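K.L.:
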Amino acid sequence: MGTNGVKIVADENIPWVSHYFGDAILKPGRQITSQDLVDAEMLLVRSITNVDRSLLQNTQIKFVGSTTTGADHIDTAWLDENNITYRVAKGCNADAVLEYVIAILASLQKRNFLPTKKLRAAVIGVGTIGSKVVEKLEWLGMEVICCDPIRAINEPDFQSIALDKISDVDFITLHTPLTNDGEYPTFHMINKDFLTRQKNNCILLNTSRGGVINSNDLKLYGGHLMWCLDVFEGEPFIDFEMLDEALIATPHIAGYSEQAKYRGIEMIYQAAHELNIIPTALPQIHKRISCDVNSIAKNWRDVVLQIFDPYELSSQMKVRMIEDPDHAFDDMRKNFKTRNEFRFIDLVNMKVDEQNKKVLEQLGFGL
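Counting from -7, one number per residue, gives the positions in the sequence shown under the working numbering.
1. Quick one: what's got a C-beta closer than 7 Å to residue 235's C-beta in the same chain, skipping five residues either side?
2. How would you call residue 60, buried or exposed, if buried means at least 16 neighbouring beta carbons within 10 angstroms?
3. Determine contact between the region 77 to 88 and the region 285 to 297, defined as no fewer than three beta-carbon pairs at a distance below 8 Å.
4. Label residue 53 either buried or exposed according to how many other C-beta atoms from any shown protein chain fall within 10 Å of its C-beta, with 16 as the threshold for buried.
5. With a cut-off of 8 Å on the beta carbons, I'd call residue 166 and residue 199 a contact; round off their distance for me.
6. What does DSSP give as the partner residues of residue 242 in its beta bridges?
7. Short of 7 Å in beta carbon distance, which residues of its chain neighbour residue 42, apart from the five on each side in sequence? Order them along the chain.
8. In whole angstroms, give me the CA-to-CA distance for residue 50 and residue 30.
9. Candidates 308, 333, 262, 243: which alpha carbon is nearest residue 281's?
10. Quick check: what's the CA-CA separation for residue 24 versus residue 32?
11. Identify the continuous alpha helix (DSSP H) that holds residue 256 and give its terminal residues.
12. For residue 4, which of -2, 14, 13, 18 has the nearest alpha-carbon?
13. For residue 292, which residues from the same chain have a beta carbon less than 6 Å from its beta carbon, with the 5 sequence-adjacent residues on both sides left out?
14. Applying the 10 Å Cβ sphere with the 16-neighbour rule, what's the burial state of residue 319?
15. By the 10 Å Cβ neighbour count, where 16 or more other Cβ atoms means buried, how is residue 62 classified, buried or exposed?
16. Can you tell me whether DSSP reads residue 360 as helix, strand or coil?
17. Residue 79 and residue 260 - do their beta-carbons sit closer together than 8 Å?
18. To the nearest angstrom, report how far apart residue 262 and residue 188 are at their CA atoms.
19. Give the range of the alpha helix (DSSP H) segment to which residue 105 is assigned.
20. Could you pull the start and end residues of the beta strand (DSSP E) that residue 320 belongs to?
21. Do the CB positions of residue 223 and residue 247 come within less than 8 Å of each other?
22. Would you mind stating whether residue 245 and residue 328 have Cβ atoms separated by less than 8 Å?
23. Less than 7 Å between C-beta atoms, sequence neighbours within five positions excluded: which residues of the same chain meet that for residue 213?
24. Leaving out five residues before and five after residue 285 in sequence, what residues of the same chain have Cβ atoms less than 7 Å from its Cβ?
25. Determine the contact status of residue 6 and residue 48, defining contact as a CB-CB distance below 8 Å.
26. State the DSSP-derived secondary structure class of residue 8, mapped to helix, strand or coil.
27. Do residue 96 and residue 243 have their CB atoms nearer than 8 Å?
28. Go ahead and pull the three-state DSSP assignment for residue 334.
29. Which partner residues of residue 40 appear in the DSSP bridge assignment?
30. Between which two residues does the beta strand (DSSP E) holding residue 19 run?
31. Among 122, 145, 147, 148, which residue has its Cα nearest to the Cα of residue 137?
32. Considering only DSSP beta bridges, list what residue 219 is partnered with.
33. Taking the C-alpha atoms as reference points, what is the distance between residue 330 and residue 26?
34. Apart from the five residues just before and just after residue 142, which ones in its own chain have a Cβ nearer than 7 Å to its Cβ?
35. When you compare only the Cα positions, how much space is there between residue 131 and residue 228?
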């Protein structure tokens, strides 16, 4: 039994799940079936487990917790109809994704794929994560346009450009949920029409969901762009043509930081505690680390890339996927060397100039 005598089934790759929830039954997330849940009361998942009628019907599940920021893998309408409570860890990985975006910029600029000045960026999806991205890109000197029609409807003062008006930008970054209905569905929103409007060598970065991009259209009409893809349609079995053509490809780890993983399980535990499913709260266990940058740091980009360089990870992924296409994607996610978020890192022996120190402070590093 798990915490408080509740039978819990959980994805075995949720970090610290046993620390928080006790003796849960652990299974690979893609292999959890309804048979595993027959007499369980709680299910803990990540985005790779589809939680719907076929999984939960005829089970005793009363609470579903997902350590993810989104809920597109959960049939929330069906759960509501059947009085099953669910919670997601909304915003738990916002800082991690933001810092992945910063690392992409640092890597591309360090390798001269992207200029360092007079850049124009488009942020599509300006929610919890997108808002943070907008703030930091503007602070780094970019002209930023925002596309979030739903926010524009709900917030009269929010300035949003229509998707079909986005063009002549240097950097596009996607931060939308994956939706199939409503007035502004995001499924395949990046398609032929969008792609053909963009200028040569524009960076297209996707850290949201693979299905936001029409993969076939990207291959046919997006060859003039430079692709940076952390998510793919059909994960973990991804299109090798897209993998080969991508300038940077990583295995869905943009939100993977040490602190985000803590936050995800902490938030679900706290939700269960507030619902009186779990008896007591546990203390947070975040910690700071020190990083010596004396020998490598010439500017802020060098520091960021010492923490995490997505270009290097991309090179590893392209080799690994060829060697073991059936398992490499999930194995790389599972064994990813988790990075620490900037605000939990104290930089020591810093010798960069004052301008770069200001950038590092603004990014959150401790100096």
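Here a beta-carbon is modelled for each residue, glycine too, at the ideal position from N, C-alpha and C. Remember, it's a predicted structure, so these values are computed and weren't measured experimentally.
P.N.:
Let me spell this out:
1. 241, 310, 313
2. buried
3. They do not touch, by the three-pair rule.
4. buried
5. 7 Å
6. DSSP output for residue 242 lists no bridge partner at all.
7. 65
8. Rounded to whole angstroms, residue 50 and residue 30 show a C-alpha spacing of 7 Å.
9. 333
10. 12 Å
11. 250 to 266
12. 18
13. Taking C-beta separations shorter than 6 Å and ignoring five residues to either side along the sequence, the partners of residue 292 in its chain run 348, 351, 352, following chain order.
14. exposed
15. Residue burial annotation: residue 62 is buried, with at least 16 other C-beta atoms found within 10 angstroms of its C-beta.
16. The requested residue 360 is not part of the displayed model; the chain covers only -7 to 359.
17. yes
18. Cα to Cα, the separation comes out at about 46 Å.
19. Counting along the chain, residue 105 falls outside any alpha helix (DSSP H), and DSSP gives it neither H nor E.
20. Counting along the chain, residue 320 falls outside any beta strand (DSSP E), though it belongs to the alpha helix (DSSP H) covering 320 to 326.
21. no
22. yes
23. Correct list, in chain order: 184, 187, 188.
24. 295, 298, 339, 341, 342
25. no
26. coil
27. no
28. helix
29. None; residue 40 has no bridge partner.
30. Residue range 17 to 19 is occupied by the beta strand (DSSP E) that includes residue 19.
31. Looking at 122, 145, 147, 148, the one whose alpha-carbon comes closest to that of residue 137 is 122.
32. 196
33. Residue 330 and residue 26: Cα-Cα distance of roughly 31 Å.
34. 176
35. 35 Å
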